[in-house]
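The structure under discussion appears below in the form of structure tokens.
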Amino acid sequence: MDSNIPEKFLKPYNPAETEDRIYNTWEKSGFFNPDKLPKGEKNSDDSERFTKPFSIVLPPPNVTGILHMGGALMLAIEDIMVRYARMSGYKTLWIPGTDHAAIATQSKVEKEIKKEEGKTRHDLGREELLKRIGIFAKESHDTIVTQMKKMGASVDWSREAFTLDEKRNLAVRTAFKKMYDDGLIYRGNRVVNWDPKGQTTISDDEIVYETRKAKLYTFKYSKDIPITISTTRPETKLGDTAIAVHPDDIRYKDFVGKEFDAVFAGEPIHLRVIADRDVDPEFGTGALGVTPAHSNIDWEMAQRHNLPLKQVINEYAKMMVGSSEVKDKKTTDAREAIVEWLKAEGLLEKEEEVDQNISTAERTGGIVEPLPKLQWFIAVNKPFNRDGKEVTLKDLMIGAVNSAQNTSGEIKVIPERFEKIYFNWIQNLRDWCISRQIWYGHRIPVWYKGDQVYCGIEAPSPSADGDGWIQDEDTLDTWFSSGLWTFSTLGWPDEKEFAAHREYHPTTILETGSDIIFFWVARMILMSTYLVNEVPFKTVYLHGLVRDNKGQKISKSSGNNIDPLDMIAKYGADAVRMALVVAVGPGNDSKIDEQKIKAYKLFSNKIWNATRFVLSSIDGADLSARPTLAQVDEARIKELDDVITDVTADMNSYRYYLAAEKLYHYFWHTFADKIIEESKGPVNGTDEVARISAQWTLLHILTTTIKVLHPFMPYITEEIWAELPVQDLPLSRKSLLIIEKWLR
RNA sequence: GCGCGAUUAGCUCAGUUGGUAGAGCAACUCUUUUACACAGAGAAGGUCGCAGGUUCAAGUCCUGCAUCGCGCACCA
């Protein structure tokens, strides 16, 4: 009975033997490249096939390391989107790439060099360090590419990009220059977030707040100053230039405008009492020591009251002034010394424990120190002319996203609740600090000579602009280049190349993790609306965090990483994809569990064996034309059609988590458990009409389900597809399943 | 402080537009001349966080509360 079916069906399904071979077949077919998709015959029903564009960019993985489960989830969802679009007849483009991840990559390589050779970046110099990072990035890149292929990602490798390659560098310089000329990029001296560990500035969004217990000290600056203040950071008080009180606070009314001198922990200070509405009279003593150089809010207050700025903490988080117990000490040590001094002087009035939010740097974990520095910024609130109207970048970002309040926004966010999070973030958005004091990244395209400043896409030319120009040492925030990703990967700013890809922009959809909605999604909207004057994508689909089976965030340091490659080796990529996708709605965190992956390996095997049964049941029968079906088979076909209609609706509405589950359920518990079982009678019986009806129905259901399962489980379905005989599907033997029609 | 999400079977989670609940794992009984034991058949297990309300009908809508989590702001 089994004599005519392929021998491989006699054994359980073996993904390891299948997957790499299938991926090779796909790559060779060229179908990952939309230009190579076979257009439909002219004047046929298929004449529109593969003519309308569908495009998506891969959120470029950082070259810091390897693929983790979060990356696997991202690839799974996007590949489902892409394969579904391709089968649905779209000219489908999925652009792959990697991200140089400036700070993360440089600090990782620096750490390794320090560990192995005991050298710092300054020992190596800029050129040598960049060379080393380049080697590391290349290796990481190759690993990531291998991993992406293992997952089955049907990306167009011929269009692969890197956020730090030549083309993207030109895009960055072009974007910078335009924003500079429009006055939207400026250089300014402001209090910025300084990461002493990474030795660089970071943006507001790169700060992670951690709640810790801290001591709130209440004291007087000196016996001669009658106002008592509170602070958790006494060491900053050496840089105070004012005491602020609320204008309506009668306790301090008489002091406003008075000036005081004191020597605080060895440092002479001069304080003016000011009245400012930002002071909360209910908090502490209602009086606040103003430290313009080491606090954002105090800096703003200082601007309003024209207060002097006095820096007392340096880039290494060490004290620059004070008594011998304080000067050159780390801030934490200085704090203790100052508290001792306050006690000795009898100035300390109260010491209490409070909860405090500590600012730490996202990438390095260092405690952020606000410092005054000359840096580059993007002005988000500055009006500029756009199509005859005065707008700000903030306006563009708000206008792009669709919501109940803004129905003209072009971008739809899935799930919707992230719209609120997005708008809430924009409300509080301040100018974006884009310069970084690291070497790995896009160098700022600005040159200096004495007082002269030159911003250009190219360096100033010696003949026209003279000699002696020195380029800015700093590099750009990695998200600056990531923000250009939807169009820098499509040829921009090269007019010819961009024109050739114009149909792909705006991209159809952006799929990414909800944790980078501000870092990336918002920045892409900013850059695209400003530079290309259109939204970067029409839909944003956000997925959640993948956690381990205990609900912990997966990270290398906690050692709880379930390696997707291990799981693929054990259970196959199809099983991993299903486990990641089924029952995981957009925006929701999920937990990955080896048991769940294993369950979908069993499903692979179920499909495999059902195929074996169908092939052996129809052996020798001519099923090329649809026979007259028995009533029971008609009902089965109707039921199948209903399921496919339902699943198609889910696919069109991005409910992959439901579609996958429904297909699983139908295949196993309807097709295998019921239809196959009930067909055994007619298939082996003597009633010719009933037999052929049952045989045709079995093959039809198998063929159809294999097809619609393909976006989810591409390998096993492609493998089986090759073995299915032609039924009423004229193209089926000519093409790979990857370009087969979703519905016919 | 403002906003958001979660609370459903022992565990991990689905449940799209309101019509008396599902999956995986675990646990129970039976079945090894079956396409598949990487299986099948069957049984068991839930007052869907709590309290109200709307409705012929609510896990699904509304209000309040509780617990957990997240974002933003504050953080002197």
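Numbering-wise, the first sequence is residues 650 to 1393 according to my numbering. Just so it is clear, CB atoms sit at the ideal spot from N, CA and C, and this is done for glycine as well.
For Ile-876, no beta strand (DSSP E) run applies, since DSSP gives it neither H nor E. It is roughly 14 Å from the alpha-carbon of Pro-745 to the alpha-carbon of Thr-792. Approximately 7 Å separates the beta-carbon atoms of Met-968 and Thr-980; this is inside 8 Å, confirming the contact. Taken in chain order, the whole beta strand (DSSP E) runs of length 3 or more contained in the segment 667-740 are 701-706.
Taken in chain order, the whole beta strand (DSSP E) runs of length 3 or more contained in the segment 1084-1130 are 1095-1098 and 1101-1104.
If the five residues before and after Val-840 are omitted, its C-beta is found closer than 6 Å to the C-beta atoms of Asn-945, Trp-948, Pro-1019 and Pro-1021, all from its own chain and listed in chain order. Under DSSP, Gly-801 shares a beta bridge with no residue. C-alpha of Lys-1219 to C-alpha of Asp-669: approximately 14 Å in a straight line. Non-local C-beta neighbours of Val-905 in its own chain, meaning closer than 8 Å and more than five positions away in sequence, comprise Val-894, Pro-896, Val-922, Ile-923 and Ala-924, ordered along the chain. In the pairwise beta carbon analysis, the segment 1331-1339 is classified as not touching the segment 1287-1299: fewer than three pairs are separated by under 8 Å. Annotated three-state conformation of Asp-831 is coil, per DSSP. When DSSP states are grouped into helix, strand and coil, Leu-1191 belongs to the strand group.
For Leu-1214, the CB contacts under 7 Å within the same chain, skipping 5 residues up- and downstream, are Gln-796 and Lys-799 in chain order.
Three or more pairs of CB atoms, one per stretch, sit closer than 8 Å, so the segment 1255-1269 contacts the segment 654-672. The segment 962-999 contains, as complete alpha helix (DSSP H) runs of 4+ residues, the segments 980-994 (chain order). With a contact defined as Cβ atoms closer than 8 Å, Ala-1321 and Pro-1331 miss out at about 17 Å. In this structure, the alpha-carbon of Leu-773 lies about 33 Å from that of Gly-720. Val-712 sits close to His-749, with the two beta carbons spaced by under 8 Å. For Trp-1025, the secondary structure class from DSSP, reduced to helix, strand or coil, is strand. Here Arg-861 is exposed. Its C-beta has fewer than 16 other C-beta atoms within 10 Å.
Cα atoms of Phe-868 and Leu-997: separation of roughly 4 Å, rounded to the nearest angstrom. Exclusion of the five residues before and after Tyr-1315 leaves Val-1292 as the residues of its chain whose Cβ lies within less than 6 Å of its Cβ. Nearest to Ile-1211 by C-alpha distance, out of His-717, Pro-702 and Asp-1282, is His-717.
The DSSP-derived three-state label of Tyr-870 is coil.
The criterion of a C-beta distance shorter than 8 Å is not satisfied by Ser-1110 and Thr-850. Counting only the Cα atoms, Gly-1193 lies some 8 Å from Asp-1164.
Per DSSP, the unbroken alpha helix (DSSP H) holding Lys-760 starts and ends at 751-766.
Annotation: the continuous beta strand (DSSP E) that includes His-919 extends over 916-924. With contacts defined by Cβ atoms closer than 8 Å, Arg-1035 and Gly-847 do not form a contacting pair.
DSSP places Gly-1162 in the uninterrupted beta strand (DSSP E) bounded by 1156-1162. When the alpha-carbon of Lys-999 is set against those of Thr-1297, Phe-785, Arg-1172 and Ile-878, the nearest one is in Ile-878. Asp-1268 and Ala-751 have their alpha carbons spaced roughly 60 Å apart. Beyond the five residues adjoining it in sequence on each side, Val-1184 comes within less than 8 Å, by CB distance, of Ala-1049, Glu-1059, Ile-1060, Pro-1155, Ile-1174, Ser-1177 and Thr-1178 in the same chain, given in chain order. Of the residues Ile-782, Pro-941 and Tyr-965, the one whose Cα lies closest to the Cα of Asn-955 is Pro-941. Ala-1010 is not a Cβ neighbour of Tyr-835, given a cutoff of 8 Å. The beta carbon of Thr-1127 sits closer than 6 Å to the beta carbons of Ala-750 and Ala-751 from its chain, once the five residues preceding and following it are set aside; these are given in chain order.
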